[in-house]
Amino acid sequence: RTLDDAGALRGKRVLLRVDVNVPMENGRVTDATRIERVVPTIREIADQGGRVVLLAHFGRPKGKPDPKDSLKPVVETLSRHLGRPVAFAADCVGAAAGAAVAALKDGDVLLLENTRYHAGEETNDPAFAEALARNGDLYVNEAFSAAHRAHASTEGLAHLLPAYAGRLMQAELDALTKGLEAPRRPVIALVGGAKVSSKIDLLQNLVAKVDMLVIGGGMANTFLHAQGKGVGTSLCEKDLADTAIRILEAAKAASCRIILPVDAVVASAFAAHAPHETVSVDAVPEAGMILDAGPRSVAEIEAAIDAAATLVWNGPLGAFELAPFDAATVAAARHAAERTAAGRLVSVAGGGDTVAALNHAGVGETFSYVSTAGGAFLEWLEGKALPGVEALRAK
Ligand code: 3PG
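Residues 9 to 403 (my numbering) make up the sequence shown, in order.
Below, the structure is given as structure tokens:
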């Protein structure tokens, strides 16, 4: 159920769970994307006369107040993007919260302090969830990016109050459905990043669901090694060679085409502008470190993207944070963006590094959908149920 099912909101206290766990330096928000993405929902509720009570976590303070994890610095940025004042209460439950909520008038917006200042948040303690619920007439969950956590404010509350998905939650779920659950085929997945060990579940789930799987980044080295190729001094999890082979076999059995690099940019060190050369993956020198996919690999990836109707992307294809080893990631991102802009491709991306890589390539805006989620996006790609979403479905 969404906000459309919530009925008249005038005078209602709407507990809106948002994820404003944003990058911050010295008490200043350095990337406001997550804040910007929840503003329309806050405005929609406030414009209807709802009294918006924002619940959120910040950092990992482990159940105790810690000033470095205060949500107070978010107030200024949120208020600026919203174009209206945002009140703040120094606690999310108890007298401070109760008084601040009682002072709200129709259309007002209040942010309550970090829910993780209380141990009951992460243990999903029913008593803590009830204390939160006292400040609301209904609950709207807008925090897809925290939906992999079964916490009181992301899961417990949905069982205590009439519960609805917010607009951003809706948009995320809609994009994910288009990406993997009911996609236009063929579907191509691009999975990169440093380690196979952190993405085994993801690779196993994807080979069963997508038509083509591009394996890039450091994790591709483990696959090349498993195929008997030398990878020099590259990042490689040699103990996972058997796992890599099993994934390749599962892909074959599921008729999923695996695309591994055929050439590589090898450098003498993990450093920007380190001396480098492009070689075949059959001829990586012993002292060479693979930092990017080469141009023949990029051409193959681009051709595969051309053959796809849907693309799902998680993880960069090379060490994109070090010039010039961003070339493959940037080229593939721009190619996917062009196909998207031409109406030929539905492109869905997520994960902190991936979003940074797309922005680095200048195409973050062109993709069909860029998720605000890191861990939640990954768990969803792994095929896991997200407790925050499931609790809404159960209503
Ligand atoms: C995130 O930043 O991915 C979410 O806010 C969840 O944060 P967590 O990993 O600390 O639960």
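Every residue gets a Cβ at the ideal spot worked out from N, C-alpha and C, and that includes glycine.
Query	Result
For a quick check, are the C-beta atoms of Ser305 and Pro332 less than 8 Å apart?	no
Judging by CA-CA distance, which residue of Arg157, Ala141, Ala107, Asn143 is the nearest neighbour of Thr131?	Arg157
What is the DSSP secondary structure of Glu285, counted as helix, strand or coil?	strand
Please report how far the alpha carbon of Lys80 lies from the alpha carbon of Ser288, in whole angstroms.	53 Å
In whole angstroms, give me the CA-to-CA distance for Pro69 and Leu386.	23 Å
Comparing alpha-carbon positions, which option in Ala14, Pro31, Leu86 lies nearest Arg56?	Reading the sequence as shown, one finds Gln at residue 56 and not Arg. The option with the nearest alpha carbon to Gln56 is Ala14.
How many Å lie between Val218 and Cys264 at the Cα?	6 Å
What number of angstroms, rounded off, separates the C-alpha of His281 from the C-alpha of Asp271?	19 Å
Using C-beta distances below 8 Å, list every residue in its chain close to Asp74, excluding the 5 sequence neighbours before and after it, in chain order.	Gly67, Tyr125
Can you pull the DSSP bridge partners for Thr41?	Note: Thr41 sits in no beta bridge, so no partner.
Output the boundary residues of the beta strand (DSSP E) element that contains Asn322.	318-322
In chain order, what residues of the same chain lie with their CB nearer than 6 Å to the CB of Val302, ignoring the 5 residues before and after it?	The sequence given here places Gly at residue 302; Val does not occur at that position. Contacts found: Asp271, Ala272, Val273, Thr286.
In terms of residues, what are the limits of the alpha helix (DSSP H) holding Leu256?	249-261
Once DSSP output is grouped into helix, strand and coil, what is the label at Glu33?	strand
Would you be able to state if there are at least three C-beta pairs under 8 Å between the region 192-202 and the region 316-326?	yes
Residues around ligand 1, please: the ones whose beta-carbon is closer than 6 Å to some heavy atom of it, in chain order.	Asp27, Asn29, Arg68, Ser153, Ala154, Arg157, Gly382, Gly383
Using the rule of at least 16 other Cβ atoms within 10 Å of the residue's Cβ for burial, across every protein chain shown, is Pro31 buried or exposed?	exposed
Kindly provide the ranges of any alpha helix (DSSP H) runs that are 4 or more residues long and lie completely inside the region 63-141, ordered along the chain.	80-90, 102-110, 127-131, 134-141
Alpha carbon to alpha carbon, what distance is there between Thr162 and Gln178?	15 Å
Our contact map puts Val46 next to Glu150 with C-beta atoms below 8 Å; I'd like the distance itself, whole angstroms only.	5 Å
In the DSSP assignment, the beta strand (DSSP E) including Ser305 goes from what residue to what residue?	Where Ser305 is concerned, there is no enclosing beta strand (DSSP E), although the alpha helix (DSSP H) it sits in stretches over 303-315.
List, from N- to C-terminal side, the alpha helix (DSSP H) runs of 4 residues or more that fit wholly inside the region 336-384.	360-368
Give a yes or no on whether the C-beta atoms belonging to Leu140 and Ala160 are separated by under 8 Å.	yes
Could you check what DSSP says for Leu325 in three-state terms: helix, strand or coil?	coil
Buried or exposed, going by whether 16 or more other CB atoms sit within 10 Å of the CB of Asp116?	buried
Cα separation between Ala311 and Pro194?	13 Å
Pull up the CB-CB distance for Tyr377 and Ala173, whole angstroms please, since I reckon it's below 8 Å.	Not really, about 16 Å apart at Cβ, beyond 8 Å.
In the DSSP output, what is Ala197 paired with across the bridge?	Leu221, Val320
With DSSP as the reference, please indicate the residues paired to Asn213 in a beta bridge.	In the DSSP output, where bridge partners are listed per residue, Asn213 has none listed.
Pick from Ser87, Thr337, Gly35: whose alpha carbon is nearest that of Ile50?	Ser87
So who's on the other strand from Asp271, going by DSSP bridges?	Ser288
Looking at the structure shown, is Asn149 part of a helix, part of a strand, or coil, going by DSSP?	strand
Helix, strand or coil for Ala171, going by three-state DSSP, please let me know.	strand
Between which residues of its own chain and Ala339 is the CB-CB distance below 6 Å, once the five residues before and five after are set aside?	Val306
Using three-state DSSP, classify Leu330 as helix, strand or coil.	coil
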